[in-house]
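The structure under discussion appears below in the form of C-alpha cells.
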Ligand code: F6P
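In our numbering, the protein residues as written are 2 to 358.
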C-alpha cells in the first residue's frame, strides 16, 4: 500500500485543483486500490496541527476547471518554521503527523516560500515531491509555473477594458499588476494588452522619463496612455536604497501602493489627472485557462510517476517544453527574476514600448 499526503500552500492560484487531480488520477491508474491519498487541510498549518482526511476517488472528479483549492491553503512563513509558537514545535509536529498518517510521500504544491519549507522537510528525512505554483512565475528551475498563464489572461483583460475607457476619455491610466517582487506577469500582460509603458521591479523607473513619454504621445496626437505597473516596481532612487531604508520609505508613503505614488508624481509633472486601477486578487481567481489545465495535468502526472519510482526530493519543472525533475535543494531560496535583456523586453522595446528607464 502506498500512502500519499497532498497539501497546497501559500497564495492560491488557478490550476491547483487541476494539478491535484493530475496527481491523484495518475496514482489511482498506477496503483489501483493499493494507494491511499490524504488531503492535508490549509497547507503546512494542517500538517502541523494534524488536520487531514482520507480522500476518495470521487473527491478528485469534476475539479479540473474549478478555481482555488479543494484542500484550502494558508501562508506559513518559512522563517517561522523553526520558531516555537504557543509551545508548538512545528517541524516536530509535521514529522510526527507524517508518521501518524503512515505516509510514503508528501506532495506539496506551492511557490517560493513553500519550496524552502519543502526542502527543509526533505532534509529532515521526509519523502517530498513538489509542483511549482504561482501567478508570479518566479520559481527558479522551471520555465513556467502553473497559474501564470491564467492570471496573465485576466490581467490582459483588465488592460483591454481600461483601453476602451481611456480612449473614450483621452485619459492616462495606470493598471497595477500583481507579481510580488518580479515583473513576469506585468511584462506579459503589458505586452498582450498593448500598454504604452511597462514598469518592472527589474528595471527601476525614472519619473521624468515617464513624463517625457506621456508628453511625446500627446504631442503626437495620442490623447490617452496606458501604463502597466508591476506591484513591485521601484524608482531609480529607491533601487539605490538599502533594504531597511526602502522599507521605511514605503511605510511612510501616503499611498496604498506604488501606482498611486506614480500617479501623483506623474500627474504633477504632466498636468494630467491619472486614474489607477488595481485588479488585485481577481488575477488569481476563477478557472484555469486551457494552457494551465494541460500544464497542471503534465505536472501532476509527472509527480505521481516520481512517486511510483520512489524518486523523492524533487520539484517537477518545465524546461524546454519537457517535464523534468529538479532537486529541491537547487530550487529553494532562489528567485527567478525577469532578465532585463530577455527577448520579450527586446521585442517590446522594438515596437516602442517604454520601460521608464
Ligand atoms: O504570490 C502570489 C501573490 O498573488 C503575489 O502576486 C502577491 O504579491 C501576493 O501573492 C499577495 O499575497 P496575499 O494573498 O497574501 O495578499
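Glycine included, each C-beta is placed from N, C-alpha and C at the ideal position.
Not one heavy atom of ligand 1 sits closer than 7 Å to the Cβ of residue 286.
Taking 7 Å as the cut-off, the C-beta of residue 137 counts as close to a heavy atom of ligand 1. At the C-beta level, residue 40 and residue 64 stay beyond 8 Å of one another. With respect to residue 214, residue 198 sits close: the two C-beta atoms are nearer than 8 Å. Residue side-chain check: residue 76 places its Cβ nearer than 7 Å to a non-hydrogen atom of ligand 1. Residue nearest to residue 129 within the set 35, 106, 167 is 106 (criterion: CA-CA distance). Judged by beta-carbon spacing, residue 135 lies beyond the 8 Å limit of residue 72, meaning their Cβ atoms are not closer than that value. Counting only runs of 4 or more residues that sit fully inside the stretch 110-175, the alpha helix (DSSP H) segments are 113-124, 149-170, in chain order.
Short note on residue 102: C-beta not closer than 7 Å to any heavy atom of ligand 1. Here residue 274 is exposed, its C-beta having fewer than 16 other C-beta atoms within 10 Å. Counting C-beta atoms within 10 angstroms of its own C-beta, residue 77 has 16 or more neighbours from the protein chains shown and is therefore classed as buried. By alpha-carbon distance to residue 33, the top candidate from 52, 3, 174, 145 is 3. Residue range 91-101 is occupied by the alpha helix (DSSP H) that includes residue 95. DSSP, read as helix, strand or coil, puts residue 40 in strand. When the beta-carbon positions are compared, residue 308 and residue 5 come within less than 8 Å of each other. Our two residues, residue 164 and residue 345, have alpha carbons roughly 21 Å apart in a direct line.
Annotation note: the stretch 45-97 contains the following uninterrupted alpha helix (DSSP H) runs of length 4 or greater, listed N- to C-terminal: 45-50. Counting C-beta atoms within 10 angstroms of its own C-beta, residue 244 has fewer than 16 neighbours from the protein chains shown and is therefore classed as exposed.
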